[in-house]
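Engineer: So this note's numbering is basically just the index in the sequence shown, starting at one, shifted up by 612.
Think of the CB as a built atom: it goes at the ideal place given N, C-alpha and C, for glycine as much as any other residue.
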Amino acid sequence: MTEESQRCVYCREEILDKHGMHWNIDHVVPKSVAPEFTFFPLNLALCCWGCNQAKGTSDPRTKRALKKPIYPSVSQDYRAYHPYFDEWDEHLYKDAESKLVIPRPGSTKGATIIEICNLQRLAARKAELIMNAKESRSIERVRELMKTGDVKTIEGFIQALESFSGSTDEFAALARQIYSSHLAPDD
Ligand SMILES: [Zn+2]
Numbered sequence: 613m614t615e616e617s618q619r620c621v622y623c624r625e626e627i628l629d630k631h632g633m634h635w636n637i638d639h640v641v642p643k644s645v646a647p648e649f650t651f652f653p654l655n656l657a658l659c660c661w662g663c664n665q666a667k668g669t670s671d672p673r674t675k676r677a678l679k680k681p682i683y684p685s686v687s688q689d690y691r692a693y694h695p696y697f698d699e700w701d702e703h704l705y706k707d708a709e710s711k712l713v714i715p716r717p718g719s720t721k722g723a724t725i726i727e728i729c730n731l732q733r734l735a736a737r738k739a740e741l742i743m744n745a746k747e748s749r750s751i752e753r754v755r756e757l758m759k760t761g762d763v764k765t766i767e768g769f770i771q772a773l774e775s776f777s778g779s780t781d782e783f784a785a786l787a788r789q790i791y792s793s794h795l796a797p798d799d
């Protein structure tokens, strides 16, 4: 077992655990839908627990590729980013500060893998950590913002949270203000 850190093929976060507890071997095409590819090397990729959990049984193949009896081995066979047939940087980029993973303009593969692996959870988690220290009731607001997938809004919200250094009452007011300026109230 190497002690070098590895990065998840989907979210690009470091997998620091040395004991293998948080490493997952992802079956890119899930073994539940295609058991014939369970041990095929190009179908196996190192990923983090969170991405593996989110991905579940989502099948990234295109409809055309689903009919193939052999492992689909070109980029066009996949509707989502494939760790061996696509370049991560061509389809995605990550804002190091907010941890938002954003699709490159026009990349449907990037957008699809963000959805399949719920990659916005990284930013949600970061916002949660900030908010835990400030005003826990607002966590729900961030969760709802994440669902909208509106990158600019989420970025703005997280930036506002990070730069805030007042009391919890002031924070709650700020959160409400940011929130209501971007989303219609549901009550
Ligand atoms: Zn990951």
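Skipping 5 residues on each side, what residues in its chain have a beta carbon closer than 8 Å to that of Gly-668?
Structural biologist: Here residue 668 corresponds to residue number 56 of the sequence shown, with the count starting at 1. Within the same chain, Gly-668 has close Cβ partners Pro-642.
Engineer: Less than 6 Å between C-beta atoms, sequence neighbours within five positions excluded: which residues of the same chain meet that for Tyr-622?
Structural biologist: Looking up residue 622 in the sequence shown gives position 10. Closer than 6 Å at Cβ, skipping near neighbours: Cys-659, Cys-663, Cys-729.
Engineer: The beta strand (DSSP E) with Ser-638 in it runs from where to where?
Structural biologist: Position 26 of the sequence shown, counted from the first residue, corresponds to residue 638. According to the sequence as given, residue 638 is Asp; it is not Ser. Its beta strand (DSSP E) spans residues 635-639.
Engineer: Just how far apart, CA to CA, sit Arg-801 and Ile-682?
Structural biologist: There is simply no residue 801 to check, as the chain begins at 613 and stops at 799 in what is shown.
Engineer: If you measure from each residue's Cβ to the nearest non-hydrogen atom of ligand 1, which ones come out under 6 Å, in chain order?
Structural biologist: Ordered along the chain, the selected set is Cys-620, Tyr-622, Cys-623, Glu-625, Cys-659, Cys-660, Gly-662, Cys-663.
Engineer: At the level of alpha carbons, what is the spacing between Pro-717 and Phe-652?
Structural biologist: Locating residue 717 in the sequence shown gives position 105, counting from the first residue. Locating residue 652 in the sequence shown gives position 40, counting from the first residue. Each residue's alpha carbon lies about 32 Å from the other.
Engineer: Does Ile-726 pass the burial test, meaning 16 or more other C-beta atoms within 10 Å, or should it be called exposed?
Structural biologist: By 1-based counting over the sequence shown, the position of residue 726 is 114. Looking at its Cβ environment, which holds 16 or more other Cβ atoms inside 10 Å, Ile-726 is buried.
Engineer: When you compare each of Ala-708, Pro-715, Ala-646 to Ala-692 by their alpha carbons, which one comes out closest?
Structural biologist: In the sequence shown, the residue the question calls residue 692 occupies position 80. Out of Ala-708, Pro-715, Ala-646, Pro-715 has the C-alpha closest to the C-alpha of Ala-692.
Engineer: Under 9 Å between the Cβ atoms of Val-640 and Ala-657?
Structural biologist: Position 28 of the sequence shown, counted from the first residue, corresponds to residue 640. Position 45 of the sequence shown, counted from the first residue, corresponds to residue 657. Against a cut-off of 9 Å, the Cβ pair of Ala-657 and Val-640 comes out as a contact.
Engineer: Leaving out five residues before and five after Arg-619 in sequence, what residues of the same chain have Cβ atoms less than 6 Å from its Cβ?
Structural biologist: Along the sequence shown, one-based indexing puts residue 619 at 7. Excluding sequence neighbours, Arg-619 sits near Glu-626.
Engineer: Applying the 10 Å Cβ sphere with the 16-neighbour rule, what's the burial state of Ala-739?
Structural biologist: Residue numbering aside, residue 739 sits at position 127 when the sequence shown is read from its first letter. Classification of Ala-739: buried, given that the 10 Å Cβ count is 16 or more.
Engineer: How is Ala-736 classed by DSSP in three states: helix, strand or coil?
Structural biologist: Translated into positions along the sequence shown, residue 736 becomes position 124. Residue state, collapsed to three classes: helix.
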